[in-house]
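Here the protein sequences come in this chain order: A and B.
Here the UniProt record's numbering is used: position 249 in the first sequence is 249, and no number is missing along the way.
Here the UniProt record's numbering is used: position 366 in the second sequence is 366, and no number is missing along the way.
Glycine is no exception: its CB is placed at the ideal position from the N, C-alpha and C atoms.
Quick caveat: nothing in here was measured; it's all calculated off a predicted structure.
Protein chains: 2
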Amino acid sequence: MMNTPLTMTQMINRAEIFFPKKEVVSRTESRTQRFTYKEIANRTKRLAASLEGLGVKRGDKVGTMAWNHHRHLEAYFAIPCSGAVLHTINIRLSPQHIVYIINHAKDKVLLIDADIVPLIEKCQDQLRTVEAFVIMTDDDELPETSLSPVYHYEKLLENADSEYAYPDDLDENAAAGMCYTSATTGNPKGVVYSHRAIVLHSMAIGMADSAAVSEQDVAMPVVPMFHVNAWGLPFAAVWFGTTLVMPGPYFTPKLLAEMIQQERVTITAGVPTIWLGLLKELEENTYDMSSLRGVLCGGAAAPKGLIRAFEEKHKIPFMHAYGMTETSPLVVISTLKSYQKELSYEEQLDIKAKQGVLVPGLEMKIMGSKGEVAWDGKEMGELCLRGPWIASEYYDDERTADSFRDGWLHTGDVVSVDGEGFMKIVDRTKDLIKSGGEWISSVDLENTLMAHEAVFEAAVIGVPHEQWQERPLAYVVLKDPYKGKISQEELLEFLKPQFAKWWIPDDVIFIDDIPKSSVGKFLKRELRDMQQKQLSNSEN
Amino acid sequence: MMNTPLTMTQMINRAEIFFPKKEVVSRTESRTQRFTYKEIANRTKRLAASLEGLGVKRGDKVGTMAWNHHRHLEAYFAIPCSGAVLHTINIRLSPQHIVYIINHAKDKVLLIDADIVPLIEKCQDQLRTVEAFVIMTDDDELPETSLSPVYHYEKLLENADSEYAYPDDLDENAAAGMCYTSATTGNPKGVVYSHRAIVLHSMAIGMADSAAVSEQDVAMPVVPMFHVNAWGLPFAAVWFGTTLVMPGPYFTPKLLAEMIQQERVTITAGVPTIWLGLLKELEENTYDMSSLRGVLCGGAAAPKGLIRAFEEKHKIPFMHAYGMTETSPLVVISTLKSYQKELSYEEQLDIKAKQGVLVPGLEMKIMGSKGEVAWDGKEMGELCLRGPWIASEYYDDERTADSFRDGWLHTGDVVSVDGEGFMKIVDRTKDLIKSGGEWISSVDLENTLMAHEAVFEAAVIGVPHEQWQERPLAYVVLKDPYKGKISQEELLEFLKPQFAKWWIPDDVIFIDDIPKSSVGKFLKRELRDMQQKQLSNSEN
């Protein structure tokens, strides 16, 4: 067989050759524009030529700090297809961490949205490797800025060579992208994606049993493009000629609902927090969501109540999945097996509330303290993964040794797997509550609480306890209409029939917001800190 | 990213782990049986252990001469997953060619269906490398045979170690399979498939825009397993947990229709001749075909009338595709683009009558005499292909140089590509009719003739002509009810409004059968010989 490499160049080329009329709908800071793939492909070549003009060479890192829009999409292809490395930077990280990762990755050029400029101006002095800043803006002129040297994205493209040709000798194992993931403590850790990994991952999300992304779709990645490549959707969409809808900066649930309705979006992807917000909007206002064939949900376990509300009330199929920055990210997806479709909806819901079955191409094992655990839906262990789109290390980082051992990624996620091979996230190893020598899943308690009609969000943490080592404590955000009208006791009573007695939290604390990470995950560390402070305050 | 190889072992492992209850329905010489993937996986390991017991080592070739059934499926995985090479032998070739390819491939062991034994007995003396014969039969005892040493497949499995473990160090570029393809003249030419190619090709046929093979499917490969791995369907089906229906030996259109109805087959695959036969059966008897979501058709261009009859009359979606032994085989498939679904059915049919759009992962170019031709649906040129499941050579064969040049496979197929990127087979380079310095497509004339209600099959060849160099001559098989009731002139009149005057054949000859190759393709060479003989007879 031919030794042709699996590189990303084929993706943008295929969009240009076979789907030149298909569109990218892009919302930026000032307006919503439409571009054909022919235009996007042309602009992508011009961007690649521009970056070469700025001195970017094979293997150089180019950072992006941008929302989901067409320019970011162009960077997604121009950078790797020219042989450089697309480094998507999470704009929601602390300035200190942003400085760390830009320096650690050795970014040579930064592509920045205009609204991010002030953030970078503040830390410009600390950036040791950046040789040029390119500002992505709809305005004809650059904003006033102390960044230097600084370029206007559109003017670079105007003056660039559209006859630019991508190199045809890229190695499939060469770095194509990188993304840093937050660590529990210390600096973020970098993951490098190869061309091969991105190509195979894109095929995986195009497969009928997986997300089945296709030319027929109108795909709207809500998950940010600075978060694991927006789960790989932009790569797959371009490759397959899928219409892309990019929701841009500072979107609201209302705006998402409007874009879905207007553009007839068929598939969208984001974390549970996004869908909780959309659900609220759908409950308050009326939209036509009939175009949606799937809402892909990952990043954290989706509460059963959320799935039920989407499917039963709004007739929107819910696609529960699991992945992480280290896994490109798709690992499992909760596609029902053919014979499971004969079950009652309640039984199907129990399955859909699990993260799902391993996609073709990967291997998994579940390691308990005494080796691999049984796949009986009860035994718990740490999920370990292997495969061509699973990271083999953290980039230039000593913490590699903690997570990558014996050829497997040790995810730090505690899971159980049932007899049908459906995996369920039980908890992060560090969030499991150890009570009286047994484990309590904070995630199970949270999801059950969130299934209560009055509860908007819930987080459960372990609190140190003299006798039992740890005991669960629940933080709950009530929905507005229920505030002041429901008691802690009522919620605990709601839990009691559903769990063993010793699983029931010792208390429920009502709060206004659950602190969240830059990617919308609950920050339980902050809740623990909060609880520690309250404890020491009350002791003083 | 991890350097894990793309090997086939993951396919059979995934079926065993995630889909142990799913079934393979297998029709063999004596009966139809059902096996779960758990059983198939266990038997596959036993077969691998048995073959090792017979002395098969890494890289050794193991030949199969068998119909589509569960034992052949077991061989499909046991052989490559143990590191050997699955050599599927076309049982319809001449004994002379069968001897050639077994010797040329250096097959060490042959797995043979009981009904093929007499064929091999006749040429056993000429086989230079075969050290053991294994007979696949439902009978408890071996048939009487002069083959030696000879083994009973089921008894080997009974006595084999089911704790056998596949090697975990296979290279993805190692040979996994091989298949010989007929040449116009001379011996068949061998193509070797790597693990990598088979894995990537399987992903490709699982993609939503391609054949979308999925766990939800009940797939029946009618195309023989000795013909380009039954187009890769068995590999994909096992990997994805798809129910497989294997139609076994000597099936009739009636049997196919019955199996589709009984097993609720959702997707099936075969050459146009098969579907012409099934269509005739559906016209004569009543079946419930409502489970079918697609009939995959390749190997030769499907006449528009055939597509229309399936879709309009029987409501069975038709999936036109193109590939060859050298291409694993999937190259293009005629999935309509989203916006083409708004066209009238007649316009859609015009598109579906083309072979389709290149699947993700491959590259193509169309070479005319003066370089690449325009994609305007008119210009014709030779299809050239490149990609990770395209062969790079013929196995140990000097004819490699004719077809593999400059890193491309030159297919020998003349095609045009329209503005939407849909490829249409115009002809084989050797079957194009050159008349008055212009090209006439024999395939176009055939397909139009076959769209006539009276015509069952039609083949058009070029006949030498003094003035025009060549002129087209049509051979037509009429449907039974029309025999003797329609004239040559009527058919020519039917063609006239649809083609330029000089395209119209000089004559139509009615015959009872069009000679076909072992894989169901028209053997135009035989028609040309026939025509030559008639010519010389009439001259004598």
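From the DSSP output, which residues share a beta bridge with B:Leu409? B:Leu385, B:Phe404
In the segment 63-135 of chain A, which residue ranges form an unbroken alpha helix (DSSP H) of at least 4 residues, counting only runs that do not cross its ends? Counting whole runs of 4 or more residues, the segment 63-135 of chain A contains the alpha helix (DSSP H) stretches 70-81, 95-105, 117-123.
For A:Pro505, which residues of its own chain have a beta-carbon under 8 Å away from its beta-carbon, when the five flanking residues on both sides are left out? Leu445, Val460, Arg471, Pro472, Leu473, Ala474, Leu492, Leu495
Is any beta-carbon of chain B found at less than 7 Å from that of A:Arg386? yes
Does any residue of chain E bring its CB to less than 7 Å from the CB of A:Gly421? The structure shown contains no chain E; the protein chains it does contain are A and B.
List the residues of chain A whose Cβ lies closer than 9 Å to the Cβ of B:Met203, in chain order. Those are Leu200, Met203, Ala204, Gly206, Met207, Pro360, Gly361, listed as they occur along chain A.
Extent of the continuous alpha helix (DSSP H) run through B:Lys365: For B:Lys365, no alpha helix (DSSP H) run applies; the uninterrupted beta strand (DSSP E) run containing it begins and ends at 363-368, by DSSP.
Determine whether the Cβ of A:Gln216 lies closer than 7 Å to any Cβ atom of chain B. yes
In this structure, does DSSP put B:Thr273 in helix, strand or coil? helix
Paired residues, beta bridge with A:Gly484 - DSSP: Partner(s): none; A:Gly484 has no beta bridge.
Determine the burial state of B:Arg43: buried for a count of at least 16 other Cβ atoms within 10 Å of its Cβ, exposed for fewer. buried
Taking B:Ile514 as the reference, which of B:Arg405, B:Glu379, B:Val476, B:Leu279 has the closest Cα? B:Val476
In angstroms with no decimal places, state the Cα-to-Cα distance between A:Val99 and A:Cys123. 7 Å
Could you pull the DSSP bridge partners for A:Lys61 from this structure? Bridge partners of A:Lys61 according to DSSP: A:Val85, A:Asp107.
Which residues in the same chain have their Cβ closer than 8 Å to the Cβ of A:Gly241, if we skip the five residues on either side of it in sequence? Arg14, Ala15, Phe18, Phe19, Lys22, Tyr37, Glu215
Can you tell me where the beta strand (DSSP E) holding A:Thr181 begins and where it ends? 175-181
Compare the Cα-Cα distances from A:Trp468 to each of A:Ile486, A:Gly377, A:Arg31, A:Gly437 and report the closest residue. A:Gly437
A:Gly53: which of A:Tyr153, A:Ser487, A:Ser94 sits nearest, CA to CA? A:Tyr153
In the structure shown, what three-state DSSP assignment does B:Lys254 receive? helix
Starting from A:Tyr475, follow its DSSP beta bridges and name the residues at the other end. A:Ala459, A:Ile509
Which of helix, strand or coil does DSSP assign to A:Tyr193? Note: A:Tyr193 maps to strand in three-state DSSP.
Straight-line CA distance for A:Ile116 to A:His69? 14 Å
Count the other CB atoms within 10 Å of the CB of B:Arg196; is the residue buried (16 or more) or exposed (fewer)? buried
Distance between B:Pro188 and B:Leu244 (C-alpha atoms, nearest Å): 30 Å
Under 7 Å from the C-beta of residue 617 of chain B: neighbouring residues of chain A: In the structure as shown, chain B starts at 1 and stops at 540, and residue 617 of chain B therefore has no counterpart that could be examined.
Buried versus exposed, by CB contacts within 10 Å (16 or more), B:Pro95: exposed
Assigned secondary structure, residue 547 of chain B (DSSP; H/G/I helix, E/B strand, else coil): Look at the range of chain B in this structure, 1 to 540, and you will see that residue 547 of chain B is not part of it.
Inspect the beta-carbon positions of A:Gly361 and A:Gly387 and report whether they are closer than 7 Å. With contacts defined as CB atoms closer than 7 Å, A:Gly361 and A:Gly387 qualify as a contacting pair.
DSSP puts A:Thr36 in a beta bridge; with which residues? A:Glu23
With H, G and I counted as helix, E and B as strand and the rest as coil, what does DSSP make of A:Ile425? strand
Interface flag, A:Thr181 vs chain B, CB-CB below 7 Å: no
Assigned secondary structure, B:His320 (DSSP; H/G/I helix, E/B strand, else coil): strand
9 Å Cβ cut-off: residues of chain B touching A:Tyr193: Met1
Chain B residues whose Cβ lies nearer than 7 Å to that of A:Thr4: Arg386, Gly387, Pro388
Check for me: the alpha helix (DSSP H) holding A:Leu445 runs from which residue to which? 442-450
What is the residue span of the beta strand (DSSP E) that A:Ile433 lies within? 433-435
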